[in-house]
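Protein sequences appear in the order of chains A and B.
For the first sequence, our numbering assigns the number 5 to the initial residue and increments by one for each residue that follows.
For the second sequence, our numbering assigns the number 580 to the initial residue and increments by one for each residue that follows.
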Amino acid sequence: MKLPIFLDNHSTTPMDPRVLETMLPYFVEKFGNAASRNHAFGWAAEEAVESARKQIAKLIKADPKEIVFTSGATESDNLAIKGVLEMYKEKGDHIITSSTEHRAVLDTVKSLEGKGKATATYLPVDKFGMVNPDAVRNAITAKTILISVMLANNEIGTINPVKEIGKIAKEKGILFHCDATQGVGKIPVDVQEMGIDLMSFSAHKIYGPKGVGALYVRKKNPRVRIASQMDGGGHERGMRSGTLPVPLIVGFGKACELCEQEMAKDTARLITMRDRLEASIMKELEESYLNGHPTSRLPGNLNISFAYVEGESLLMGMKEIALSSGSACTSATLEPSYVLRALGVGTDLAHSSIRFGLGRFNTDDEIDYTVKKVVEVVTKLREMSPLYEMAKEGVDLKSVQWAAH
Amino acid sequence: MAYSDKVVDHFNNPRNMGSFKKDEEGVGTGMVGAPECGDVMKLQIKVQNDTIVDAKFKTFGCGSAIASSSLATEWLKGKTIEEAQKIKNTDIVQELNLPPVKIHCSVLAEDAIKAALADYQKKADGALTEAK
């Protein structure tokens, strides 16, 4: 086993060597511009792009013509939301979204609100982080033109009832955008069955290269139109100008193909490892709390709050394991995770949270090592924690008058 | 974010971690911060003849908060009450090479020192009044 261990697969993933292999010829040898229609270099590039488009579309049960390449999921979210708002402004300006969306969605919506271009409803989530479809239905007004709800959350892994939300959107004739960055390639996605009209996802979360993503834009029932946010050569059917990054797209295609072929195997492995990690930690450490949904959760996700210890110090004690925390100290804002807060997790426990993100290349040995290390460090830091000491003495921490600073 | 070697050293080998009994003679306890803010420091001093003979801490917080309080206990030992009053958060920032986002950890440590000294003073004054 090699150190450090990478257990932060929600942030990014290592590229699958098989993906890299398919990309390599497209840097030096087949370097053509896919938009060059008059020579062999261009044709080779175009062929590679179209073949990748097919692989990507197949993974999400879409038509290849419905795939628009972007630089990543953040751009896809921006393009979908701003593009729809601009295109359909005569119909209305109201967006329904949820409070636990990624900031690429939340900040896009807030920016539109700030400019007076949109009004928005931010739906709360239940204690497991799930959006209630009835709440979506109840939030719809005559002015609503877009619903944007994520497939799976990046911190807690909770999988939303997207199919139900899609059904409501269809019934009311409202477009449905889904940020599926964490879900695509990890769980089955079917844009038809889920009633999704626009969907954002990216390559680097599924063992592909960084710098490329896609926006699915429905072509039929209804034909969705978006205003482009990047002017230029009119690539991607006018929705996103800019020369296509052929090697990245080829890698993206291969990554999708591998996910499709290996999803069942990967999922089974990840769930076994994740459940073992969870059970072993919970057995050894009292007052550890699972954040997120107990069952409707991404296979590789585990988010736990360890009462009485602060997240950043936990990460510091486990430097040889790459993890992430909802603690404020790991962000620039000094506020702990807004996702955990939206679930109703207390600020104290939000500061104490650790996200484990398992992926295709993690091994059983790494999980064993992680369990041992987590137990060791949490125990050590609890010994050091005045809160743990007080709790052991029977002091109710909620009743203490803290000198907040 | 990269931590300075000194922060890492205090984090891995905390000095004077632990607790005195709060009602023990000559012990002053300062507890500052709040769990909601992500850091709570408990700093205790043991005073004999106006000199701090021992100090202990327990901290809930990030690595820099733990290091700041650990360093504070090191500095407090052997100082007189008057000398201890003069420890400034900026001294801690400098010694531990804390980045701007971690300055609040040093402020908290200074607050904890002040609170422990005040608690000791209060207890000492109380004992004096009782004796009279």
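Ideal Cβ placement from N, Cα and C applies to all residues, glycine included.
What you are looking at is a predicted structure, and each value in this text was computed from that prediction instead of being measured.
Chain A contact for residue i (CB, 8 Å cutoff)
i       : result
T708(B) : no
K621(B) : yes
G612(B) : yes
D618(B) : yes
I660(B) : no
G642(B) : yes
T652(B) : no
P593(B) : yes
E615(B) : yes
I624(B) : no
S716(B) : Coverage of chain B is limited to positions 580 through 711, which leaves residue 716(B) absent and any answer about it impossible.
N- and C-terminal bounds of the alpha helix (DSSP H) containing residue i
i       : result
H589(B) : D584 to N591
R179(A) : The amino acid at residue 179(A) is misidentified as Arg; the sequence shows Leu. From DSSP, L179(A) is part of no alpha helix (DSSP H) but of the beta strand (DSSP E) over L179 to D183.
Y293(A) : Premise fails: Y293(A) lies in the beta strand (DSSP E), S292 to N295, not in any alpha helix (DSSP H).
N305(A) : Premise fails: N305(A) lies in the beta strand (DSSP E), N305 to F310, not in any alpha helix (DSSP H).
V72(A)  : Not the alpha helix (DSSP H): V72(A) falls in the beta strand (DSSP E), residues I71 to T74.
M198(A) : Here M198(A) belongs to no alpha helix (DSSP H), and DSSP marks it neither H nor E.
S152(A) : No alpha helix (DSSP H) contains S152(A), which is instead part of the beta strand (DSSP E) from T148 to S152.
L274(A) : V250 to E288
S317(A) : G315 to G321
N668(B) : N668 to L675
Test: residue i CB closer than 8 Å to a CB of chain B
i       : result
D352(A) : yes
P340(A) : yes
D316(A) : One point to set straight first is that residue 316(A) is Glu, not Asp, in the sequence displayed. Yes, E316(A) lies at the interface with chain B (some Cβ there is under 8 Å from its Cβ).
W406(A) : yes
S331(A) : yes
S289(A) : Note on residue identity: the sequence assigns Leu, not Ser, to residue 289(A). Chain B contact via Cβ: absent.
M388(A) : yes
L401(A) : yes
L344(A) : no
L302(A) : no
M320(A) : yes
H355(A) : yes
E411(A) : There is no way to answer for residue 411(A), as the model of chain A reaches only from 5 to 409.
V32(A)  : no
Buried or exposed (CB count within 10 angstroms, at least 16 for buried), residue i
i       : result
K121(A) : exposed
P614(B) : buried
E240(A) : buried
D698(B) : buried
G118(A) : exposed
G705(B) : exposed
F636(B) : buried
L391(A) : buried
L687(B) : buried
E51(A)  : exposed
G177(A) : exposed
E94(A)  : exposed
R107(A) : exposed
M179(A) : In the sequence as presented, Met is not what sits at residue 179(A); that position holds Leu. Burial call: buried.
Reduced DSSP category for residue i - H, G, I as helix; E, B as strand; rest coil
i       : result
Y342(A) : helix
Y92(A)  : coil
L707(B) : helix
T351(A) : helix
L28(A)  : helix
M596(B) : strand
A122(A) : coil
M610(B) : strand
L202(A) : strand
I144(A) : coil
F45(A)  : helix
T659(B) : strand
R241(A) : helix
L7(A)   : coil
Boundaries (first-last residue) of the beta strand (DSSP E) holding residue i
i       : result
R421(A) : Residue 421(A) is absent from the model: chain A starts at 5 and stops at 409.
G217(A) : G217 to V221
A543(B) : The requested residue 543(B) is not part of the displayed model; chain B covers only 580 to 711.
V379(A) : Looking at the DSSP string, V379(A) is not in any beta strand (DSSP E); the run it does join, the alpha helix (DSSP H), is D368 to E387.
T101(A) : H98 to S102
K621(B) : D618 to Q627
Item to check | Three or more C-beta pairs below 8 Å linking the stretch 224 to 239 of chain A and the stretch 5 to 15 of chain A | outcome: no
Checklist entry - Should the stretch 173 to 187 of chain A be regarded as contacting the stretch 195 to 202 of chain A, the criterion being three or more beta carbon pairs within less than 8 Å? => result yes
Checklist entry - Is the stretch 671 to 680 of chain B in contact with the stretch 615 to 627 of chain B, if contact means three or more CB pairs nearer than 8 Å? => result no
Checklist entry - Pairing CB atoms from the stretch 595 to 611 of chain B with CB atoms from the stretch 293 to 305 of chain A, are three or more of them under 8 Å? => result no
Checklist entry - Counting Cβ pairs, one atom from each stretch, are 3 or more of them under 8 Å apart for the stretch 655 to 666 of chain B and the stretch 388 to 405 of chain A? => result no
Item to check | Inter-stretch contact at 8 Å, needing at least 3 Cβ pairs: the stretch 209 to 223 of chain A / the stretch 60 to 78 of chain A | outcome: yes
Checklist entry - Are the stretch 148 to 161 of chain A and the stretch 83 to 92 of chain A touching by the rule of at least three beta carbon pairs closer than 8 Å? => result yes
Next on the checklist: If contact is defined by three or more beta carbon pairs under 8 Å, each pair taking one atom from either stretch, is the stretch 339 to 355 of chain A in contact with the stretch 252 to 259 of chain A?
Outcome noted: no
Next on the checklist: Using 8 Å as the cut-off, can you tell me whether the stretch 627 to 647 of chain B makes contact with the stretch 582 to 596 of chain B, which would need three or more C-beta pairs spanning the two stretches below that distance?
Outcome noted: yes
Checklist entry - Taking contact to mean at least 3 C-beta pairs separated by less than 8 Å, is the stretch 364 to 382 of chain A in contact with the stretch 284 to 296 of chain A? => result yes
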